[in-house]
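Peer 1: Let me begin by handing over the structure; questions about it come next.
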Amino acid sequence: MKFIPRNAKRRDLLKNIAKASALLFLGPSQLAFGAKLLAVRMWPAEDYTRVTLESDEVLKVSHQLLTNPHRLVVDVEGLELTNTLKELVAKVKSNDPYVSQVRVGQFQPRVVRLVFDLKESIQPQLFSLEPVGSYQNRLVFDLYPTVANDPLMELVRSSSKKSAALDLEDPIGAIARKEALKQDKQDKSNKDDSAQTSDAKSPYKRLLTIAIDPGHGGEDPGAIGKGGSREKDIVLAIARKLKEKIEQEPDMRSYLTRDGDYFVPLHTRVNKARRVQADLFVSVHADAFVQPHAKGASVFALSQQGATSTAARWLANKENNADLIGGLNIKSQDKQVAQLLLDMSTTAQIKDSLKLGDAVLKQIGGFAKLHKKHVEQASFAVLKAPDVPSILIETAFISNPEEEARLNDVEYQEQIALAIVKGIRSYFAKNPPVAKSRQI
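Numbering-wise (UniProt numbering), the sequence shown opens with residue 1 and increments by one.
Written out as structure tokens, the structure reads:
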């Protein structure tokens with residue numbers, strides 16, 4: 001028998017006691033083998049509801065859809081049930097269009113089951129995102145409705161009173177609009193979903209559609225100021241004020257690409273504007289720069305020839321990376337999307353965008369400091385609608401502490417919104433809108 005000194009036995013005993021004591025202070029997530037869950041998030045919206053599980057390792061997942069009632073069952077491997085995961089239950093909001101509740105449980109050792117009780121049939125997209133920015137690995141569930149919402153019909157319904165008022169004011173125009181719509185329905189050979197325009201100036205009044213695009217949202221907070229202000233929150237507040245002011249115009253209607261805190265991919269923002277046959281596209285931002293003393297509002301249009309300044313190029317690259325932060329499902333994108341982001345700009349669109357940008361910039365310069373006194377250009381992906389004049393407005397630099405405070409000021413937000421509307425009105429006064437054969 002091997003002899004073990006008494007002192008050695010005592011050391012081993014003390015080590016075992018230390019290990020046991022340490023285990024008492026470890027939580028369930030630390031005791032679990034495999035991935036560690038860092039956070040759970042849920043982003044409900046009319047377009048879709050997104051659920052995100054963030055972890056220190058890549059998670060494996062399988063899912064199945066059940067009916068009567070509608071449910072989505074998701075099994076996540078490599079996880080133990082922890083308090084962090086249980087938080088998902090409380091994150092379901094009563095106004096979520098698609099999820100009524102979530103149930104979580106330990107289905108098998110190291111396999112957690114999530115059951116989403118659904119309000120209607122959905123088409124889920126499940127995908128993983130690699131670490132980027134402040135995020136580690138993310139497992140994303142995007143729950144889309146089986147029948148997608150039609151933004152144009154929704155816009156038509158919400159603006160029906162304005163349309164009727166214009167018809168009473170301009171009965172000849174009303175007949176022309178109806179004839180154009182009738183002709184369009186009879187044209188079976190036209191398979192292009194985009195809004196086609198004629199070369200002639202409109203001989204009658206019609207509603208002008210302004211697409212308002214609040215930058216960032218959801219998983220993508222945008223730039224963050226020194227005081228903790230998030231770009232996505234500020235620009236949504238400004239966009240809503242802009243919408244209110246446009247709706248006060250008798251011959252204008254507005255459409256928000258997002259009206260809540262959720263992520264919208266860049267190409268989807270462009271597609272939304274085209275689907276509602278927008279006359280103009282205005283993307284609202286409050287970005288940051290590497291130097292905290294950078295200040296002043298800016299207006300940008302698209303460029304096919306490269307950026308007009310180093311700062312413009314830097315900002316464009318930063319904005320174009322929004323899809324990486326927000327979480328784009330690359331596998332779901334097709335060739336048409338790639339083409340849209342790469343080569344759908346036109347010379348005419350850029351020319352009109354510069355005119356619009358100049359009109360808006362002059363109005364903003366009437367009360368606020370400008371970063372540049374002319375419209376800058378860069379290759380912003382969100383400005384690449386071929387048939388919609390599009391501008392991107394940097395309302396101020398959130399990275400500048402003074403301007404961050406100004407961006408949070410309701411009065412400044414109101415001034416910015418009013419200046420944009422005045423700029424739009426000035427643009428249309430010099431560039432009357434053309435008749436749209438598919439205008440509703």
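Note that CB positions come from ideal geometry on N, CA and C, so glycine has one too.
Would you check if there are 3 or more beta carbon pairs closer than 8 Å linking the stretch 283-290 to the stretch 232-239?
Peer 2: Yes, the stretch 283-290 is in contact with the stretch 232-239.
Peer 1: Evaluate A278 with the Cβ neighbour count: other Cβ atoms within 10 Å of its Cβ, from every protein chain shown; 16 or more gives buried, anything less gives exposed.
Peer 2: The residue is buried, with at least 16 neighbouring Cβ atoms inside 10 Å.
Peer 1: Once DSSP output is grouped into helix, strand and coil, what is the label at D233?
Peer 2: Helix, per DSSP.
Peer 1: Is the Cβ-Cβ distance between P131 and L143 less than 7 Å?
Peer 2: Cβ distance not < 7 Å, so P131 and L143 don't count as in contact.
Peer 1: At a cut of 8 Å, does the stretch 64-83 reach the stretch 43-50 through at least three beta carbon pairs?
Peer 2: Segments in contact, no.
Peer 1: Kindly indicate the opening and closing residues of the beta strand (DSSP E) around E77.
Peer 2: Element bounds for E77: 71-77.
Peer 1: Fully enclosed by the UniProt domain "MurNAc-LAA" (270-425), which beta strand (DSSP E) runs are 3 residues long or longer?
Peer 2: For the UniProt domain "MurNAc-LAA" (270-425), whole beta strand (DSSP E) runs of length 3 or above, ordered along the chain, are 280-285, 298-302, 376-378, 390-394.
Peer 1: Taking a contact to mean a Cβ-Cβ separation below 7 Å, would you say K205 touches L166 in this structure?
Peer 2: Result yes, Cβ atoms of K205 and L166 sit closer than 7 Å.
Peer 1: Does the distance from the CB of L328 to the CB of D287 come in under 7 Å?
Peer 2: Contact flag unset, no.
Peer 1: With distances taken Cα to Cα, identify the nearest neighbour of T84 among V61, D96, K36.
Peer 2: Closest option to T84, Cα to Cα, is K36.
Peer 1: Considering Cα atoms alone, identify which of V421, I364, L53 is closest to K396.
Peer 2: Reading the sequence as shown, one finds Ala at residue 396 and not Lys. Out of V421, I364, L53, I364 has the C-alpha closest to the C-alpha of A396.
Peer 1: Rounded to the nearest angstrom, how far is the Cβ of R110 from that of G78, given a contact under 8 Å?
Peer 2: That belief holds up - the Cβ atoms of R110 and G78 are roughly 6 Å apart, short of 8 Å.
Peer 1: Quick check: what's the CA-CA separation for T268 versus L324?
Peer 2: Straight-line Cα distance between these residues: approximately 14 Å.
Peer 1: Under the rule that 16 or more other beta-carbon atoms within 10 Å means buried, what is I330, buried or exposed?
Peer 2: Per the 10 Å Cβ criterion, exposed.
Peer 1: If distances are taken between C-alpha atoms only, which option among N400, A378, I398 comes closest to I391?
Peer 2: Per the Cα distances, A378.
Peer 1: Taking DSSP's pairing of strands, which residues face K60 in a bridge?
Peer 2: In DSSP, K60 forms a bridge with E77.
Peer 1: Just confirm the distance between the C-beta atoms of L208 and F428, as a whole number of angstroms; I'd bet it's less than 8 Å.
Peer 2: Contact flag correct, Cβ pair sits at about 7 Å.
Peer 1: Taking the alpha carbon of F355 as the reference point, which residue from I224, S426, L256, R258 has its own alpha carbon closest?
Peer 2: Residue identity differs from the one stated: residue 355 is Lys in this sequence, not Phe. Checked all of I224, S426, L256, R258; the closest Cα to K355 is S426.
Peer 1: Please classify N271 as buried or exposed, where buried requires at least 16 neighbouring CB atoms within 10 angstroms.
Peer 2: Counting Cβ neighbours within 10 Å, N271 comes out buried, since at least 16 surround it.
Peer 1: Return the CA-CA distance between F380 and A307, expressed in angstroms with no decimal places.
Peer 2: Approximately 10 Å between the Cα atoms of the pair.
Peer 1: In terms of residues, what are the limits of the beta strand (DSSP E) holding E54?
Peer 2: That run of the beta strand (DSSP E) goes 49-55.
Peer 1: So does the stretch 248-266 actually touch the stretch 290-304, counting three or more Cβ pairs closer than 8 Å?
Peer 2: The stretch 248-266, when compared against the stretch 290-304, does not touch it at the 8 Å Cβ threshold.
Peer 1: Assign F428 to one of three DSSP states: helix, strand, or coil.
Peer 2: It is helical.
Peer 1: Excluding the 5 residues preceding and the 5 following K64 in the sequence, name in chain order all residues of the same chain whose CB lies nearer than 6 Å to its CB.
Peer 2: It should be noted that the sequence gives Gln, not Lys, for residue 64. These residues qualify, in order along the chain: V73.
Peer 1: To the nearest angstrom, how far is it from the Cα of V375 to the Cα of E120?
Peer 2: Using only the alpha carbons, I get a separation of about 46 Å.
Peer 1: Who pairs with F141 in a beta bridge, going by DSSP?
Peer 2: The partner list for F141 (beta bridge, DSSP) reads V51, L126.
Peer 1: Work out the CA separation of L168 and K161 for me, nearest whole Å.
Peer 2: Going from the Cα of K161 to the Cα of L168 covers about 11 Å.
Peer 1: Here's the rule I'm using: 16 or more other beta-carbon atoms within 10 Å means buried, otherwise exposed. How should N400 be labelled?
Peer 2: Result: buried.
Peer 1: Which same chain residues end up closer than 8 Å to S100 when comparing Cβ atoms and leaving out the 5 residues on each side of it in sequence?
Peer 2: Same-chain partners within the cutoff: V92, D117, L118, K119.
Peer 1: I think L256 touches I212, with their Cβ atoms under 8 Å apart; what is that distance to the nearest whole Å?
Peer 2: Confirmed, Cβ separation roughly 5 Å.
Peer 1: Where does A211 sit, in a helix, a strand or coil, going by DSSP?
Peer 2: Reduced to three states, the DSSP call for A211 is strand.
Peer 1: In three-state DSSP terms, what is V89?
Peer 2: Correct three-state label for V89: helix.
Peer 1: Just confirm the distance between the C-beta atoms of Q106 and L81, as a whole number of angstroms; I'd bet it's less than 8 Å.
Peer 2: Rounded, the Cβ-Cβ distance is 4 Å, consistent with contact.
Peer 1: What beta strand (DSSP E) runs, 3 residues minimum, are completely inside the stretch 238-273?
Peer 2: The stretch 238-273 contains these whole beta strand (DSSP E) runs: 252-256.
Peer 1: At the level of alpha carbons, what is the spacing between I398 and G225?
Peer 2: Approximately 5 Å, taken between the alpha carbons.
Peer 1: What is the DSSP secondary structure of A165, reduced to helix, strand or coil?
Peer 2: Of the three classes helix, strand and coil, the one that applies to A165 here is helix, per DSSP.
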